[in-house]
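Participant:
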Amino acid sequence: MTQSDTLRRIVLMLPALVAILLLVGAPLGLMGWVSLLEKGTTAGVDWGSAPSIGNYQRLVWEEDFDGTLILNTNYLVIFLRSVLQAAVTTLLCLMLGLPVALWMASLSPTGRAVMLLLVTIPFWTNLLVRNYAWLIILREGGWLGMAVDALWPFGPVQLLYNDVAVAIGLTYSFLPFMVLPVYSVFEKFDWRLVEAAHDLGATRARALRRVILPVAMPGILAGSLLVFIPCLGAFVTPALLGGGKTLMLGNVIQMQFGPSRNWPFGAAISVVLLAVMLLAMTALALWRNRRSA
Amino acid sequence: MNIRRFPLTREISLFVLAYLYLPVFVLIAYSFNANRTATVWTHASLDWYVRILNNPSIRAATWNSLVLAISAATAATVIALLAALATRRAFPGRNASETILRLPLILPEIVVAVATLILFVAVGIELGLGAMILAHTVFCIPFAYLPIRARLDGMSGTYEEAAQDLYANRFRTFRRVTMPLLWPGVLAGFTLAFVTSLDDFLTSFFLSGPGTTTLPVYIFSAIRAGITPEINAISTVMLVISILLVSLSFALTRLRR
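Chains as they are written, first to last, in the numbering used here: chain A, 6 to 298; chain B, 524 to 780.
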């Protein structure tokens, strides 16, 4: 490889790098700064205000009339609900996605291609529309609601606007993110290892636990991250299926940039969200390194 | 005994397929329902489709969505094509470049959207179609990049070497040899970028400004105002367009190399 070749490749890379750094990197940096400012009276941000960590404090404490700080659990509850909801969704996606990936691996090449297309299509179709479809199904007077009411003897059941509805919607939204990476591991998997395990007297369950799952681990971890991160920042699903009752971080961020017009506070919540995401990614990387060491 | 078969995996898979597709079919079925309440089935009709065709706000939103998706997908495909040609072979900084290319995929969209809103307002970029095109172009880059890179990885360099042996210069080799082999990948990348932009709600929601709604933003505000059969019809149209385009992209990536 010559020096001019390197130079040519860097020049070809430049438009992509400049676009992403200017329109992703720079905004995130600016957002970090804005999270330290105060909200403006007319615009969203008072650019001249002195930087402070007040917005981060507001997440946990609020100022009483006499200036003493008292604990405010409003945002803590939403934060915990978001993390919990994301964790539950990840678990549900794993419980459903792993068997699907396993089954896909047992199919003929044509069967695999068809399943791959079937799992991929929802990933590319409109998230908003797909969540709206659940709104129709779960709402009062919808056919699922009527079916449940007919079977449930203790009065009408509210299916919509609760944590369960949000979990159903989130799992539905992000399930392909779990199936695809796990399946990609099984696709390359050398099944003779399982054969060897059977020859050595392992039962099917033991072969699954001791041979297949360890091999699938990288895919499971990648899938978990791909489900967990967008769940944490979910806005559409809780907005449609959670109603106003079960807010998640994404809804609170939207409120600060919408009706509340408190951009610095919204920026601070976004920074917290990014921090949790980085934490999850680091934990995963560390865990993976320890295992491979 | 087939060692690849595990009990219950088939049943769970069929359940998952039903879980993924049943809501979609329910939505499509309701869009053809003549009844206004959308819960009671009376008889099949195309009323709601006629109605959305004649709705001026939906027409305007459709137009905005198309202009946005075509502009963003075109820009993203050109940028992604150059990047894919660069990362085809190793060079110092290739790994870092590929990580940066993947950034828009990893970051939570709402965070990037509000951060972009702050930046645009701070530097005085007016919200609206232009702002949305800029933001969409960036998150479409990785979607356009992946199929182009995959196609390049599957191409052997021998044809290009032959062209160079026959004294074709670099540009001529690219135009006459590389591009004709690469175009299914480029088209697949463009299609995926187009679908991604067309379906995007969150980024457009924050950057659309007053007066320039896209279809998903229109649908969201319409749902907020109350469920109507028109929403079922317009949602069905969006679903069908995405499914057709993604299948097209799938077919393109499977074209014989």
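Heads up, the beta-carbon is just placed ideally off N, CA and C, and yes, glycines get one too. Just so it is clear, the structure is predicted and the values come from calculations on it, not from any experiment.
#1: Report buried or exposed for residue 528(B), applying the criterion of at least 16 other Cβ atoms within 10 angstroms of its Cβ.
#2: Quick one: using the 10 Å Cβ neighbour count with 16 as the cut-off for buried, is residue 773(B) buried or exposed?
#3: Below 8 Å, how does it come out for the region 665-674 of chain B and the region 592-603 of chain B: are there three or more Cβ pairs, yes or no?
#4: Measure the Cβ-Cβ separation of residue 215(A) and residue 201(A) and say whether it is below 8 Å.
#5: Could you tell me whether the region 619-629 of chain B touches the region 675-687 of chain B, using the rule of 3 or more Cβ pairs below 8 Å?
#6: For residue 148(A), report the span of its alpha helix (DSSP H) as first-last.
#7: Relative to the C-alpha of residue 264(A), which candidate in 767(B), 729(B), 700(B) and 649(B) has its C-alpha closest?
#8: Taking C-beta to C-beta, are residue 633(B) and residue 234(A) nearer than 8 Å?
#9: Using the three-state DSSP reduction, which class does residue 567(B) fall into: helix, strand or coil?
#10: If you draw a straight line from the alpha carbon of residue 212(A) to that of residue 199(A), how long is it in whole angstroms?
#11: Please list the terminal residues of the continuous beta strand (DSSP E) segment that includes residue 649(B).
#12: Along chain A, which residues have their Cβ under 8 Å away from the Cβ of residue 572(B)?
#13: Please tell me whether residue 210(A) and residue 550(B) are closer than 8 Å, where the distance is taken between their beta carbons.
#14: I'd like to know whether the C-beta atoms of residue 753(B) and residue 612(B) end up nearer to each other than 8 Å.
#15: Using a Cβ distance threshold of 8 Å, determine whether the region 179-198 of chain A contacts the region 91-110 of chain A, with at least three qualifying pairs required.
#16: By Cβ distance below 8 Å, which residues in the same chain neighbour residue 691(B) in space, the five residues on each side in sequence not counted?
#17: Is the region 644-659 of chain B touching the region 724-741 of chain B, taking contact as three or more C-beta pairs under 8 Å?
#18: Inspect the CB distances between the region 280-296 of chain A and the region 111-123 of chain A and report whether three or more fall short of 8 Å.
#19: Would you list the one or two residues that DSSP bridges to residue 75(A)?
#20: Are the Cβ atoms of residue 285(A) and residue 40(A) separated by less than 8 Å?
#21: Scan the region 534-557 of chain B for residues whose Cβ lies nearer than 7 Å to a Cβ of chain A and list them as they occur along the chain.
#22: Could you round the C-beta distance between residue 177(A) and residue 542(B) to whole angstroms and report it? I think they count as a contact, below 8 Å.
#23: Show which residues of chain A have a CB atom less than 9 Å away from the CB atom of residue 752(B).
#24: Mind listing the chain A neighbours of residue 761(B)? Cutoff is C-beta to C-beta under 7 Å, in chain order.
#25: So within the region 609-693 of chain B, which uninterrupted alpha helix (DSSP H) runs reach at least 4 residues, ignoring any that extend past its ends?
#26: Is it true that the region 126-137 of chain A meets the region 753-772 of chain B, where meeting means three or more beta-carbon pairs spaced less than 8 Å apart?
#27: Once DSSP output is grouped into helix, strand and coil, what is the label at residue 587(B)?
#28: In angstroms with no decimal places, state the Cα-to-Cα distance between residue 751(B) and residue 559(B).
#29: Around the Cβ of residue 585(B), are there at least 16 other Cβ atoms within 10 angstroms (buried) or fewer (exposed)?
#30: Determine the chain A residues that contact residue 660(B) at a beta-carbon separation under 9 Å, and present them in chain order.
#31: Beta-carbon within less than 6 Å of residue 231(A)'s beta-carbon, same chain only, minus the 5 sequence neighbours each way: which residues are those?
#32: State buried or exposed for residue 741(B), treating a residue as buried only when at least 16 other CB atoms are found within 10 Å of its CB.
#33: Contact between the region 15-32 of chain A and the region 252-267 of chain A: three or more CB pairs below 8 Å?
#34: Answer with buried or exposed for residue 553(B), where buried requires no fewer than 16 other C-beta atoms within 10 angstroms of its C-beta.
#35: In the DSSP assignment, the alpha helix (DSSP H) including residue 746(B) goes from what residue to what residue?
#36: Could you pull the start and end residues of the alpha helix (DSSP H) that residue 136(A) belongs to?
Facilitator: Per the coordinate set shown:
#1: Flag for residue 528(B) reads exposed.
#2: With 16 or more Cβ atoms within 10 Å of its Cβ, residue 773(B) is classed as buried.
#3: Touching, per the Cβ criterion.
#4: No, the pair does not count as a contact, with Cβ atoms beyond the cut-off.
#5: Segments in contact, no.
#6: 148-156 is the span of the alpha helix (DSSP H), which, as asked, contains residue 148(A).
#7: Nearest neighbour of residue 264(A) by Cα position, chosen from 767(B), 729(B), 700(B) and 649(B), turns out to be 729(B).
#8: No. Outside cutoff.
#9: The answer is strand: DSSP assigns residue 567(B) an E or B state.
#10: The straight-line gap separating the alpha-carbon atoms of residue 212(A) and residue 199(A) is approximately 6 Å.
#11: Boundaries cannot be given for residue 649(B), as no beta strand (DSSP E) includes it and DSSP labels it neither H nor E.
#12: Within 8 Å Cβ-Cβ: nothing; residue 572(B) doesn't reach chain A, min ~16 Å.
#13: Pairing residue 210(A) with residue 550(B) gives a Cβ-Cβ distance that is not under 8 Å.
#14: With contacts defined by Cβ atoms closer than 8 Å, residue 753(B) and residue 612(B) do not form a contacting pair.
#15: The region 179-198 of chain A and the region 91-110 of chain A touch, with no fewer than 3 CB-CB distances between them shorter than 8 Å.
#16: These residues qualify, in order along the chain: 699 and 700.
#17: The region 644-659 of chain B, when compared against the region 724-741 of chain B, does touch it at the 8 Å Cβ threshold.
#18: Judged by pairs of C-beta atoms under 8 Å, the region 280-296 of chain A does not touch the region 111-123 of chain A, as fewer than three such pairs exist.
#19: Looking at the DSSP assignment, residue 75(A) forms a beta bridge with 67(A).
#20: Taking 8 Å as the Cβ cut-off, residue 285(A) and residue 40(A) do not qualify as a contacting pair.
#21: Contact residues of the region 534-557 of chain B toward chain A are 535, 536, 539, 540, 542, 543, 546, 547, 549, 550 and 553 (C-beta to C-beta distance below 7 Å).
#22: Yes, they are in contact, since the Cβ atoms of residue 177(A) and residue 542(B) sit about 7 Å apart, within 8 Å.
#23: The contact set of residue 752(B) on chain A, defined by CB atoms closer than 9 Å, is empty, because the minimum CB distance reaches about 10 Å.
#24: What residue 761(B) touches in chain A: 131 and 134.
#25: Correct list: 617-629, 632-646, 652-677 and 681-688.
#26: Under the Cβ criterion (8 Å, minimum of three pairs), the region 126-137 of chain A counts as touching the region 753-772 of chain B.
#27: Helix at residue 587(B).
#28: Here the C-alpha atom of residue 751(B) lies approximately 7 Å from the C-alpha atom of residue 559(B).
#29: Burial of residue 585(B) is indicated by the presence of at least 16 other C-beta atoms within 10 angstroms of its C-beta.
#30: Residues of chain A with a Cβ closer than 9 Å to the Cβ of residue 660(B) are, in chain order, 24 and 28.
#31: Excluding residues within five positions, the ones whose Cβ falls inside 6 Å are 182.
#32: So residue 741(B) counts as buried.
#33: Three or more Cβ pairs closer than 8 Å define a contact, and the region 15-32 of chain A falls short of that threshold against the region 252-267 of chain A.
#34: Buried, because 16 or more other Cβ atoms sit within 10 Å of the Cβ of residue 553(B).
#35: Segment 738-748, the alpha helix (DSSP H) holding residue 746(B).
#36: Where residue 136(A) is concerned, the enclosing alpha helix (DSSP H) stretches over 132-143.
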